[in-house]
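According to the numbering used here, the sequence shown is numbered sequentially starting from 13.
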Amino acid sequence: MPDQLQAVIEQRLGAPLITVTPMGGSFGAQLTRVHTQGVSYALKWATRGPARAMVAAEADGLRRLADAGCVRVPQVVAADDGTCGIAFVLSEWITSNGMEPDQAVLGTNLAQLHRTTQAAFGLEQDNFLGGTPQVNSWTPSWPTFFRECRLLPQIKLAVANGFLTTSRHAALERLVSRIEEWLAIPGEPALIHGDLWSGNLVGLADGTPILIDPAVSFSHREAELAYTELFGGFGPRFYAAYQAAWPLEPGYAERRDLYNLYHLLNHLNLFGLGYATQVDQIVRRYVG
């Protein structure tokens, strides 16, 4: 950890750090466990480039979810967007000891979170999905938002990365031109976690579910539920509790893969052509 950052953290905590343990990093940001006066904290930080904005966006997302008061997230103790030369978010250290989160509680709480609404889809600022910039321009129409702020930026990035063949690109363009056929559905803009896969869900010793690493926006709540199904890890009790609290609109199963195209394109851009087959399969389902 840079000396400058340690000095800032000690000033914010009002105590010297006793131990500093590197825990790895991703997309240019570093994760460190720091310990002082019998308490451990998670410190994510970055010194340059997009990673600084990514860390600042994470702090904003955690605070928004905490302010909604529906789901449990790590409490932000201190954060800085880089005015000290280093962007950081200091939050409580979550110890799960391998405890499985109570998925029924999560389903109920997530439905409550999704009742936090705005007048339009988007957010006051852009943020990140993993290491990829996520566009959040305020948009009154859900199909338009999903096309302009979700699919098209990923398609543009995939072109720049060389991941789209001519035929794959043409098929994606056909799909986005017809997005209203599938997504012109009821639903107010809902505050969503935005990156809700099993790796971003942990449980406290009592089973309380904790959500980490958000990519928040006001989107259609179906998009959140769809992503929980893409890679698995969420069981029947989760879906039953969510449906009991707030049933999904008819036809959700027909739209689910379209929502997950966004995440698969993001994985394509982050991790390479291993995700191209899944992208192609979804596109063929909708436009042949």
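Ideal Cβ placement from N, Cα and C applies to all residues, glycine included.
Select from the options the residue whose C-alpha is nearest the C-alpha of residue i.
i	options	result
Val-299	Cys-161, Ala-27, Arg-180 and Gln-49	Arg-180
Tyr-239	His-275, Leu-29 and Ile-294	His-275
Gln-130	Glu-112, Leu-122 and Ser-153	Ser-153
Ile-98	Thr-156, Ala-41, Glu-236 and Tyr-264	Ala-41
Arg-76	Tyr-264, Gly-110 and Ala-202	Ala-202
Ala-71	Cys-82, Ala-90, Thr-59 and Val-83	Ala-90
Leu-187	Ile-197, Thr-156, Ser-210 and Trp-209	Thr-156
Gln-16	Ser-52, Leu-43 and Thr-59	Thr-59
Ser-52	Arg-127, Val-88 and Cys-82	Val-88
Gly-143	Gly-134, Ser-103, Thr-128 and Met-66	Met-66
Ser-210	His-232, Ser-189 and Gly-244	Gly-244
Cys-161	Asp-138, Ala-183 and Ala-288	Asp-138
Taking the C-alpha atoms as reference points, what is the distance between residue i and residue j?
i	j	result
Gly-1	Gln-18	This structure does not reach residue 1, given that the chain is present from 13 up to 300, and the question cannot be answered.
Val-85	Thr-220	10 angstroms
Leu-270	Asp-218	36 angstroms
Glu-136	Ser-229	9 angstroms
Ile-204	Gly-50	34 angstroms
Leu-277	Phe-140	14 angstroms
Pro-62	Ala-68	10 angstroms
Pro-259	Ala-116	14 angstroms
Cys-96	Pro-14	12 angstroms
Lys-168	Glu-185	11 angstroms
Val-171	Arg-296	19 angstroms
Ala-80	Phe-100	22 angstroms
Leu-29	Lys-56	15 angstroms
Ser-149	Leu-163	13 angstroms
Tyr-254	Leu-122	7 angstroms
His-47	Asp-92	19 angstroms
Leu-208	Asn-272	12 angstroms
Thr-151	Gln-23	41 angstroms
Gln-146	Val-32	32 angstroms
Ala-132	Phe-158	12 angstroms
Phe-246	Ala-252	11 angstroms
Arg-268	Val-83	23 angstroms
Gln-293	Leu-285	14 angstroms
Gly-110	Ala-182	45 angstroms
His-126	Ser-231	9 angstroms
Assuming the contact rule is C-beta atoms closer than 8 angstroms, residue i and residue j should be a hit. Round their C-beta distance to whole Å, please.
i	j	result
Gly-206	Ala-227	4 angstroms
Gly-73	Phe-250	At roughly 21 angstroms, the Cβ-Cβ gap does not stay under 8 angstroms, so Gly-73 and Phe-250 are not in contact.
Arg-45	Ala-54	6 angstroms
Gln-124	Ala-257	7 angstroms
Leu-213	Pro-113	6 angstroms
Tyr-264	Glu-236	About 11 angstroms; that fails the 8 angstroms criterion.
Leu-216	Ser-108	6 angstroms
Glu-261	Ile-197	6 angstroms
Specify the secondary structure class of residue i as computed by DSSP and reduced to three states.
i	result
Arg-84	strand
Glu-104	strand
Ala-265	helix
Thr-289	helix
Phe-140	strand
Ile-294	helix
Ile-217	Correcting the residue identity first, residue 217 is Ala in this sequence and not Ile. Three-state DSSP puts Ala-217 in coil, outside helix and strand.
Gln-166	helix
Ala-202	strand
Ala-149	Residue identity check: residue 149 is Ser in the sequence provided, not Ala. Ser-149 falls in the coil class under three-state DSSP.
Gln-130	coil
Leu-118	helix
Trp-57	strand
Phe-230	strand
Thr-240	helix
Asp-225	coil
Ala-196	coil
Asp-92	strand
Gly-37	strand
Leu-43	strand
Ala-99	strand
For this session: Decide if the region 165-185 is in contact with the region 279-287; the criterion is three or more beta carbon pairs, one per stretch, under 8 angstroms apart.
Result: yes
For this session: Specify whether the region 36-56 and the region 185-198 touch according to this definition: at least 3 beta carbon pairs, one from each stretch, less than 8 angstroms apart.
Result: Too few Cβ pairs lie closer than 8 angstroms, so no.
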